[in-house]
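> Protein chains in written order, with this note's numbering: chain A, 647 to 1185; chain B, 8 to 244.
Okay, here's the thing in structure tokens:
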């Protein structure tokens, strides 16, 4: 990351990037902004590693008999794609990069409450990533990212324990980030910054952090038990001696369903910032959006059973989980409707971050509504473990979380680097990604509904047209992701100097120079107005 | 900047990100509570699994309970409660700035913690080892194979051996993770003792003592739940 530093001759003020140089000043930094950049570099790398697995899978599936890899290798590819994208990209994506950078700035604080723990969290992430990547390098894992026993504990001959250890360690990095955010949000708000003046980005991160600290330890102990079972054959999840494999699924989804909200809630926080800024309006229904984040965090812990409608849980439990899952749609819909209402009679401009935001609204809604299909017991029996499920969660995770992440990265890039990116390219890339995404995943809804199961390396010839469409879309999507990588890197050195507030946005982070000084503000700001005090006349 | 931070960590008790000592104190205390919430969830996963299997295999789990010696468990409970008292007294000494008392109480707490681990290791785990009660292949070449009196006792209770093995696994996993937390706690207290001896704490700055105290009490409380669950609720024989 040391190459990311700017030539001090261009920037006249002292800021967090030019205050010191050299690899040590980065690896031993406790500055939340530098740690955010360390995370940004690491998760970008993991994103492209996980993405390349997806590209290989899509290439393989062009032919019904599978044209590229052995079936065993295919199993390892989807496992690697899942583990890396879930645990090493999506979960840290917005919180550890944008959240790390912005939470203290939006609060008017000099840093997070525990800067050294923040650095520790990055090191844990790296150690976890090394374990998981070495499991892949040593031959891979073929259990799927869900690691279901008894296959993972008794039958798989791959490197399950090493990968599990990587997930276990990375989990603690996520816990530490959430822990830091909660304490910082409670104890370090600037004078005048009351709870209901907080940007909704902060509310979303608060809700996310609650899930991180309460959910992640459960998956940690579950994965520890899984590893013990695999190493020592105790019988904990082995039905042949009385163990219960479904217990693993309960414990696993108790975290891994809320984890979906760890991935999407921060994106919803980004959305509220983007929509208000580019429609020049105060947010519609501030407190509804704020409390819907909290409601999602609470409900997220009560719906895990909808992953298990067909795995032998009782019908009555299924009914309750189905009803509770429907309820999550309410706070999610509240958010979408309030964003729409914010746009109404706004002064809308279509800068690149706004294009991502608008893409999010449509794609997240589609993903959410198909989620209702899946939480209906009878429909789920039909589409369970098919491409319908794949398409549903990719609409949420890629169409939602990744869109919001890219929108956020573009929105705050001038603040992070002090430079502007080429706007035309950015809009072009946003459109390419939108088109590529839909071409990749919409056919998968149809494939799933027609009955193509997930995780199969071969399929009947009648599904080929839709599969070819999906693979074509994936290649467009892949190129769409490479374009921002190129121009954003380019802009770090050659972009136009941005100035403190290129979007004329509200919020404390825009009141300080870009890039910000190490302690963020010249003096602690005093907040006297609500968040999003935009007025159309100013535009 | 880095120099300033290093400097502030050693001498200036106020870290640069905080406005005043009160804010710092509140933040570190609150942080410890949040951390303990994650710990509760961590142990909670195991407690849940234990409860489910206990319900499923009641006879075997009750018979497994009878294999444990409640007298050692009770002694250890007493030892831990005493250590909580000495820990609380240590925090009080730090608050009131009594350096010698602080060091003494910290050392006492460490000794009680070690006594707990000692009793567990010498009287309980070693017996389980001799009776071949170590579940699974936790130790290579030393499988779970109760024999003699123990086997007779289990057969009389009509307990399925694989399910007793499951109980023994929970016993080792839960007391093992608990013991691991004790070891971490003893390590923390050792560092604190050195720092206290050097006079690094004052009535204005004793966050680390207070935070470690909270942690120590939490580890005690986990044991307060483990003891009846594992040793007692099968009925004392």
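No residue lacks a Cβ here, since even glycine has one placed at the ideal position from N, Cα and C.
Kindly indicate the opening and closing residues of the alpha helix (DSSP H) around residue 725 of chain A.
Walking along the first chain from the start, residue 725 of chain A turns up at place 79. Residues 717-729.
> How close, in whole Å, do the beta carbons of residue 197 of chain B and residue 126 of chain B come, if the pair is a contact with beta carbons under 8 angstroms?
The residue given as residue 197 of chain B occupies position 190 in the second chain. The residue given as residue 126 of chain B occupies position 119 in the second chain. Contact flag wrong, Cβ pair sits at about 20 angstroms.
> Tell me, please, whether the CB atom of residue 170 of chain B is closer than 8 angstroms to any CB atom in chain E?
No chain E is present in this structure, whose protein chains are A and B.
> Beta-carbon within less than 6 angstroms of residue 861 of chain A's beta-carbon, same chain only, minus the 5 sequence neighbours each way: which residues are those?
Translated into the one-based positions of the first chain, residue 861 of chain A becomes position 215. If we look at residue 861 of chain A and ignore the five residues flanking it on each side, its Cβ neighbours are 901, 904.
> For residue 805 of chain A, count neighbouring C-beta atoms within 10 Å of its own C-beta (all shown protein chains included) and say buried if the count is 16 or more, exposed if not.
Your numbering for residue 805 of chain A matches position 159 in the first chain. That one is buried.
> Please report the Cβ distance between residue 850 of chain A and residue 912 of chain A, rounded to the nearest whole angstrom; I am assuming they are in contact, meaning their Cβ atoms lie under 8 angstroms.
Looking up residue 850 of chain A in the first chain gives position 204. Looking up residue 912 of chain A in the first chain gives position 266. Their Cβ separation, rounded to whole angstroms, is 6 angstroms, which keeps residue 850 of chain A and residue 912 of chain A in contact under 8 angstroms.
> Roughly how far, in whole angstroms, is the beta-carbon of residue 808 of chain A from the beta-carbon of residue 780 of chain A, given that I think they are within contact range, below 8 angstroms?
One-based indexing of the first chain puts residue 808 of chain A at position 162. One-based indexing of the first chain puts residue 780 of chain A at position 134. Sure, about 6 angstroms apart at Cβ, within 8 angstroms.
> Between the stretch 1131-1149 of chain A and the stretch 1076-1094 of chain A, do at least 3 Cβ pairs fall closer than 8 angstroms?
With the cut-off at 8 angstroms, the stretch 1131-1149 of chain A and the stretch 1076-1094 of chain A do not touch.
> Give every residue of the same chain whose Cβ lies closer than 7 angstroms to the Cβ of residue 239 of chain B, excluding the five residues on either side of it in the sequence, and list them in chain order.
Position 232 of the second chain holds residue 239 of chain B. Around residue 239 of chain B, the same chain offers 77 as residues with beta carbons nearer than 7 angstroms, after the five sequence neighbours per side are excluded.
> Between residue 951 of chain A and chain B, is the shortest Cβ-Cβ distance under 8 angstroms, so that the two count as touching?
Here residue 951 of chain A refers to the residue found at position 305 when the first chain is read from its first residue. No, residue 951 of chain A lies away from the interface with chain B (no Cβ there is under 8 angstroms from its Cβ).
> Quick one: what's got a C-beta closer than 6 angstroms to residue 914 of chain A's C-beta in the same chain, skipping five residues either side?
One-based indexing of the first chain puts residue 914 of chain A at position 268. These residues qualify, in order along the chain: 850, 981.
> Taking CB distances under 8 angstroms as the criterion, tell me whether residue 37 of chain B reaches chain A.
By one-based count along the second chain, residue 37 of chain B stands at place 30. Yes, its Cβ sits closer than 8 angstroms to a Cβ of chain A.
> For chain A, check one thing: does any of its Cβ atoms lie closer than 8 angstroms to the Cβ of residue 17 of chain B?
Here residue 17 of chain B corresponds to residue number 10 of the second chain, with the count starting at 1. Unreliable placement is indicated for residue 17 of chain B, whose pLDDT of 41 sits below 50; the coordinate value is still reported in the next sentence. It does not; no Cβ of chain A falls within 8 angstroms.
> Which runs of the alpha helix (DSSP H) spanning at least 4 residues fall entirely within the stretch 960-1035 of chain A, listed in chain order?
961-989, 998-1021, 1023-1029
> In chain A, which residues lie with their C-beta within 9 angstroms of the C-beta of residue 34 of chain B?
Translated into positions along the second chain, residue 34 of chain B becomes position 27. Those are 759, 760, 829, 830, 832, 833, 834, listed as they occur along chain A.
> Please decide whether residue 1159 of chain A counts as near chain B, where near means a Cβ-Cβ distance under 8 angstroms.
Looking up residue 1159 of chain A in the first chain gives position 513. Cβ-Cβ to chain B under 8 angstroms: no for residue 1159 of chain A.
> Taking the alpha-carbon positions, what's the residue 1179 of chain A to residue 843 of chain A distance?
Here the question's residue 1179 of chain A lines up with position 533 in the first chain. Here the question's residue 843 of chain A lines up with position 197 in the first chain. Between residue 1179 of chain A and residue 843 of chain A, the C-alpha separation is close to 10 angstroms.
> Does the CB of residue 64 of chain B have a neighbour CB from chain A at under 8 angstroms?
Start at 1 with the first residue of the second chain, and residue 64 of chain B comes out as number 57. Closer than 8 angstroms: yes.
> Sort out for me which residues DSSP pairs residue 209 of chain B with in a bridge.
As a working mapping, residue 209 of chain B is identified with position 202 in the second chain. Paired residues: B/212.
> Which of the three DSSP states is assigned to residue 1274 of chain A in this structure?
Past the edges of chain A, shown from 647 to 1185, lies residue 1274 of chain A, and the structure says nothing about it.
> Can you name the start and end residues of the alpha helix (DSSP H) that residue 1138 of chain A belongs to?
Numbered from its first residue, the first chain carries residue 1138 of chain A at position 492. Counting along the chain, the alpha helix (DSSP H) containing residue 1138 of chain A begins and ends at 1110-1140.
> Rank A/846, A/686, A/1047, A/1134 by C-alpha distance to the C-alpha of residue 749 of chain A and give the top, closest one.
Your numbering for residue 749 of chain A matches position 103 in the first chain. The residue with the shortest Cα to Cα distance from residue 749 of chain A is A/846.
> So, with DSSP's three-state summary, where would you put residue 106 of chain B?
Against the second chain, residue 106 of chain B aligns to sequence position 99. Helix at residue 106 of chain B.
> Quick check: residue 692 of chain A and residue 723 of chain A, are their CB atoms within less than 8 angstroms of each other?
The residue you call residue 692 of chain A lines up with position 46 of the first chain. The residue you call residue 723 of chain A lines up with position 77 of the first chain. No.
> Residues in its own chain within less than 7 angstroms of residue 839 of chain A by CB, not counting five upstream and five downstream?
Residue numbering aside, residue 839 of chain A sits at position 193 when the first chain is read from its first letter. Excluding sequence neighbours, residue 839 of chain A sits near 753, 754, 1173.
> Under 8 angstroms between the Cβ atoms of residue 53 of chain B and residue 695 of chain A?
Mapped onto the second chain, residue 53 of chain B falls at position 46. Mapped onto the first chain, residue 695 of chain A falls at position 49. Cβ atoms of residue 53 of chain B and residue 695 of chain A: not closer than 8 angstroms.
> For residue 1130 of chain A, does the count of other Cβ atoms within 10 angstroms reach 16, so buried, or fall short, so exposed?
On the first chain, residue 1130 of chain A is found 484 positions in, with the first residue counted as 1. The residue is buried, with at least 16 neighbouring Cβ atoms inside 10 Å.
> Using 10 angstroms around the beta-carbon of residue 1133 of chain A, count the other beta-carbons present and answer buried if the total reaches 16, otherwise exposed.
The residue labelled residue 1133 of chain A in the question sits at position 487 within the first chain. The residue is buried, with at least 16 neighbouring Cβ atoms inside 10 Å.
> Any heavy atom of the ligand ADP closer than 7 angstroms to the Cβ of residue 226 of chain B?
As far as ligands go, the structure on display features none, and thus does not contain the ligand ADP.
> In chain A, what lies closer than 7 angstroms to residue 176 of chain B by C-beta?
Locating residue 176 of chain B in the second chain gives position 169, where the first residue counts as 1. 880, 882, listed in chain order.
> Could you give the C-beta distance for residue 1057 of chain A and residue 1155 of chain A, rounded to a whole number, given that I count them as a contact under 8 angstroms?
Here the question's residue 1057 of chain A lines up with position 411 in the first chain. Here the question's residue 1155 of chain A lines up with position 509 in the first chain. Rounded to the nearest angstrom, the Cβ distance from residue 1057 of chain A to residue 1155 of chain A is 10 angstroms, too far for a contact under 8 angstroms.
> Using a C-beta cutoff of 8 angstroms, does residue 867 of chain A count as contacting chain B?
Along the first chain, one-based indexing puts residue 867 of chain A at 221. Chain B places a beta carbon closer than 8 angstroms to that of residue 867 of chain A, counting this residue as a contact.
> For residue 653 of chain A, which residues from the same chain have a beta carbon less than 6 angstroms from its beta carbon, with the 5 sequence-adjacent residues on both sides left out?
As a first step, residue 653 of chain A is located in the first chain; it is residue number 7 there, counting from the start. Note that residue 653 of chain A scores a pLDDT of 46, beneath 50, so its modelled location is shaky; the value from the coordinates is reported in the next line. Cβ within range, chain order: n/a, list empty.
> Specify the secondary structure class of residue 835 of chain A as computed by DSSP and reduced to three states.
Residue mapping note: residue 835 of chain A aligns to position 189 of the first chain, counting from 1. It is coil, neither helix nor strand.
> Can you tell me whether DSSP reads residue 1099 of chain A as helix, strand or coil?
Within the first chain, residue 1099 of chain A is the residue found at index 453, counting from 1. In the structure shown, residue 1099 of chain A sits in a strand (DSSP, three-state: E or B).
> Note down the Cα distance separating residue 1047 of chain A from residue 910 of chain A, rounded to an integer number of angstroms.
On the first chain, position 401 is the one that residue 1047 of chain A refers to. On the first chain, position 264 is the one that residue 910 of chain A refers to. Distance between the alpha carbons of residue 1047 of chain A and residue 910 of chain A: 5 angstroms.
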